[in-house]
Amino acid sequence: MRSRLAVLIEKALRACCDAGFWEPGALPFVEVELAKDPAHGDYASNVAMVLASRVGRKPREIAERLVGQIHDTDKILQKVEIAGPGFLNFFVREDVWATLLKDIERQADRYGMSDSGKGRKVLLEFVSANPTGPLHIGHARGAVVGDVIANILAASGYDISREYYINDAGNQMANLGRSVLLRYRQLLGETVHFPENCYRGDYIKTLAAELLDREGPPCPNDNGESLIPYFTDYAAGAILEGIKEDLGAFGVTFDRYFSERDLYEDRRLDSLLEDLEKGGFIYREEETLWFRTTAFGDEKDRVVVRKTGEPTYFAADIAYHQNKYERGFDFLIDVWGADHHGYIPRILAGIQALDHDKDSLRVILVQLVNLLRDGKPIAMSTRSGEFVTLREVVDEVGRDAARYNFLMRRSDSHLDFDLELAKRQSNENPVYYVQYAHARIASVLRTAGQRNLVIPSYSEVDRTLLKLPEEIGLIKTITRFPEIVEGAARTLEPHRLTFYLNDLAGLFHSYYNKNRIISEEGPLTAARLFLVVAVKIVIGNALKLLGVSSPESM
RNA sequence: GCGCCUGUAGCUCAGCUGGAUAGAGCAACGGACUUCUAAUCCGUAGGUCGCGGGUUCGAAUCCCUCCAGGCGUACCA
């Protein structure tokens, strides 16, 4: 509806140009928004006011001209009013709304999808946690946000790939191997000093015990560092398998797990450094190689190869991003914890030095999660091993509640996650509010079936019977769903869907309580059944994008 | 010190890239189940949009000062 009105306005603007009311030069892009106040009609546009300052005329005068040039050939408008400082208020004919339901019937479980992405190849990298321990609650939010953004983009016609970058090289991995080795030796009865920077979680002991079980006691008497890679490999492999399982239980899947080690094997870093060198961005100082990131606005230059000859994490990461582009992705999205925000200028410098547009990479920052139980914070630290794992949360509160709770806020705002609250099956928990609406409709449909009522098709419905304000409101809301998905895709903001769902569920519950869907009046019953089926479709489609189930009964 | 994020009802947060009288949930208070699911609904109350300036027809939204909280400021990842 919105886009249809925008077209009308655009035509009117051009017609006014042709009539010489103003220069065709700076026509604004047409904004049409939902009117908040019913007295302002259904949609409102501010074009006249925007145009006023550009052409130097009074907004109301421009508005008059425009209204005169709006040719409502499809007869969708009841009237257009000029109000306030120069708003155009559009009143849509009431019987037009119900005609939009046809799209829902026709597209069914594809309603809300579009091809606006035009098959653009997008690579979305998320989670990417080091395989040094199980995923904890902090990773969970990024996992859901990434997963749902991917769903939304896929539904919007993008060719999207989900990728997890495994950071399986470098110091942290060596620490992991060392930690397991030390626990292993402890199991053999040795007294060992356990350094501060090693991982202390119980899972380390479990891994050591597994290894002991498998390999038997004879650990070579070499207590040097040479054993570490073996322990690292085993631990990282086992932990990664666990991570995949936990993500699977959370409903998060990836198209590919990309190993940092592959970058080294393919000598990607060498070629990267050559490329950067060609651009003149590399210089040597005291045995280290620096990348002149300040050329792109970073606050200081960054090391890419250490004195020891090892490349930094940063170097590998640029190589990884270069690799993404080389695989044909022209739009990259990275989902990071907000504590990495200082890293953004650096990575942007990296891709720009490789001649990629700054805007071809979007970083979504996901703020930290405060985990609470009954309002009291739970302290966590990966290294000390004190943390609540993703698995524990999913097991305790359930997949649906966990996912929905993580999607109820904008990603870049802090989120309190209360385990008790999320678990509670009560009105404090919005996920059930929405699912309940879906289940209720399913229940109504079951009842209808028992009474041998047939769900009518669009052409069989007398749409003029859907004229209650609640019905018009429901129709307006569900026919707006494609706009919501489009907006969420454009801004990469999944929380728009949860807010929309809460709205829609609220309208339905209200309608349900006030009116009977199945009544003695056959045609009215048919029309209402048709309407609630459409509502059910939209709730189901939206929940599916969120990766949350749509129960038929609760 | 510098940089980024945040500050909206008692609490948790929306506010659609400048629009009309700032919204929702929870908590509080008062009501509604012999009816298609009460995990629901209806009503009441609740605000100096952190403070102060500026930009313009118009600011919670954009710019600047200050205040408060969080994060970052590695040859860690």
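Counting from -10, one number per residue, gives the positions in the first sequence under this note's numbering. Beta carbons: idealized from backbone N, C-alpha and C, even for Gly. Treat the numbers as computed from the prediction; the structure is a model and nothing was measured.
For residue i, the nearest candidate out of the options (CA to CA)
{"i": "R(-7)", "options": "N441, A33, F10", "result": "A33"}
{"i": "A143", "options": "N35, T514, E475", "result": "E475"}
{"i": "A181", "options": "D191, V433, R167, Y192", "result": "According to the sequence provided, residue 181 is Val. The question's Ala does not apply to it. Residue R167 is the option with its Cα nearest to V181."}
{"i": "M162", "options": "G30, S349, L229", "result": "L229"}
{"i": "R54", "options": "L77, K64, E83", "result": "L77"}
{"i": "K233", "options": "Y246, K533, L455", "result": "Y246"}
{"i": "H498", "options": "N530, F470, E460", "result": "E460"}
{"i": "E114", "options": "N394, L454, I353, V386", "result": "I353"}
{"i": "D259", "options": "V294, D290, D61", "result": "V294"}
{"i": "N530", "options": "Y314, H310, L493, H330", "result": "L493"}
{"i": "E417", "options": "E482, S446, N491", "result": "N491"}
{"i": "E152", "options": "D328, K289, V241, L40", "result": "V241"}
{"i": "S539", "options": "H427, A28, H484, L321", "result": "H427"}
{"i": "T297", "options": "D384, L278, A391, K313", "result": "L278"}
{"i": "Y393", "options": "P483, S150, L321", "result": "P483"}
{"i": "P27", "options": "A72, R505, K412, V423", "result": "A72"}
{"i": "F488", "options": "S448, P419, R362, Q67", "result": "P419"}
{"i": "F10", "options": "E22, D31, G57", "result": "G57"}
{"i": "E288", "options": "R256, G331, F303, A305", "result": "G331"}
{"i": "I149", "options": "M38, R316, D255", "result": "R316"}
{"i": "R174", "options": "K194, G268, N504", "result": "K194"}
{"i": "I507", "options": "R479, G462, N441, T480", "result": "N441"}
{"i": "Q96", "options": "Y219, Y447, D222", "result": "Y447"}
Cutoff 8 Å; reference residue i; Cβ partners in own chain excluding five residues on either side
{"i": "V19", "result": "A(-5), I(-2), E(-1), L2, S34, V36"}
{"i": "T301", "result": "R291, V292, V293, V294, R295"}
{"i": "Q414", "result": "Y421"}
{"i": "S103", "result": "A144, S145, G146, P471, V474, E475"}
Alpha carbon of residue i to alpha carbon of residue j, nearest angstrom
{"i": "V44", "j": "C6", "result": "12 Å"}
{"i": "G326", "j": "V81", "result": "45 Å"}
{"i": "V355", "j": "L89", "result": "37 Å"}
{"i": "G108", "j": "F318", "result": "11 Å"}
{"i": "G536", "j": "I93", "result": "21 Å"}
{"i": "I59", "j": "M(-10)", "result": "15 Å"}
{"i": "N502", "j": "G495", "result": "11 Å"}
{"i": "H329", "j": "Y154", "result": "15 Å"}
{"i": "I340", "j": "S248", "result": "20 Å"}
{"i": "D191", "j": "H128", "result": "19 Å"}
{"i": "D63", "j": "R452", "result": "18 Å"}
{"i": "L555", "j": "Y425", "result": "As displayed, the chain neither begins before -10 nor continues past 543, which places residue 555 out of reach and without an answer."}
{"i": "R351", "j": "L534", "result": "21 Å"}
{"i": "G286", "j": "I333", "result": "11 Å"}
{"i": "Y594", "j": "F280", "result": "The structure shown has nothing for residue 594, since the chain only spans -10 to 543."}
{"i": "G159", "j": "D136", "result": "27 Å"}
{"i": "G131", "j": "I138", "result": "10 Å"}
{"i": "E510", "j": "R435", "result": "18 Å"}
{"i": "N547", "j": "F183", "result": "As displayed, the chain neither begins before -10 nor continues past 543, which places residue 547 out of reach and without an answer."}
{"i": "Y188", "j": "L261", "result": "33 Å"}
{"i": "L360", "j": "S117", "result": "21 Å"}
{"i": "L396", "j": "F303", "result": "30 Å"}
Cutoff 6 Å; reference residue i; Cβ partners in own chain excluding five residues on either side
{"i": "L337", "result": "K347"}
{"i": "L551", "result": "For residue 551 there is no data in the structure shown, the boundaries of the chain being -10 and 543."}
{"i": "H29", "result": "N78"}
{"i": "D363", "result": "E409"}
{"i": "S542", "result": "A428"}
Nearest-angstrom beta carbon gap, residue j and residue i [assumed within contact, 8 Å]
{"i": "L196", "j": "V169", "result": "5 Å"}
{"i": "R380", "j": "A238", "result": "7 Å"}
{"i": "L252", "j": "A308", "result": "5 Å"}
{"i": "I464", "j": "L455", "result": "7 Å"}
{"i": "A515", "j": "P458", "result": "No, A515 and P458 are not in contact; Cβ-Cβ is about 20 Å, not under 8 Å."}
{"i": "L532", "j": "V423", "result": "7 Å"}
{"i": "V433", "j": "Y100", "result": "In fact, because the Cβ distance is near 20 Å, the residues do not count as touching under 8 Å."}
{"i": "V134", "j": "V324", "result": "6 Å"}
{"i": "L124", "j": "T378", "result": "7 Å"}
Spatial neighbours of residue i in its chain, beta-carbon cut-off 7 Å, leaving aside the 5 residues before and after
{"i": "I430", "result": "V521, V524, K525"}
{"i": "V450", "result": "A515, A516, F519"}
{"i": "A224", "result": "L165, G166, V169, L196"}
{"i": "L176", "result": "A197, A198, L201"}
Mind listing, in chain order, the continuous alpha helix (DSSP H) runs of no fewer than 4 residues lying wholly within the stretch 121 to 196? If you keep only unbroken alpha helix (DSSP H) runs of at least 4 residues inside the stretch 121 to 196, you get 126 to 144, 160 to 176.
Which complete alpha helix (DSSP H) runs does the stretch 295 to 373 hold, if anything under 4 residues is left out? 302 to 315, 333 to 342
Whole beta strand (DSSP E) runs in the stretch 263 to 296 with 3 or more residues, listed along the chain? Taking only runs of at least 3 residues, the beta strand (DSSP E) segments lying wholly in the stretch 263 to 296 are 271 to 274, 277 to 280, 291 to 294.
Quick check for students: name the residue ranges of the alpha helix (DSSP H) that lie wholly in the stretch 233 to 264, counting only runs of 4 or more. 249 to 254
Fully enclosed by the stretch 370 to 417, which alpha helix (DSSP H) runs are 4 residues long or longer? 379 to 386, 388 to 395, 408 to 412
If we require 4 or more residues per run, which alpha helix (DSSP H) segments fall completely within the stretch 442 to 490? 458 to 468, 470 to 480
In chain order, which beta strand (DSSP E) runs of at least 3 residues are fully inside the stretch 67 to 131? 76 to 81, 110 to 114
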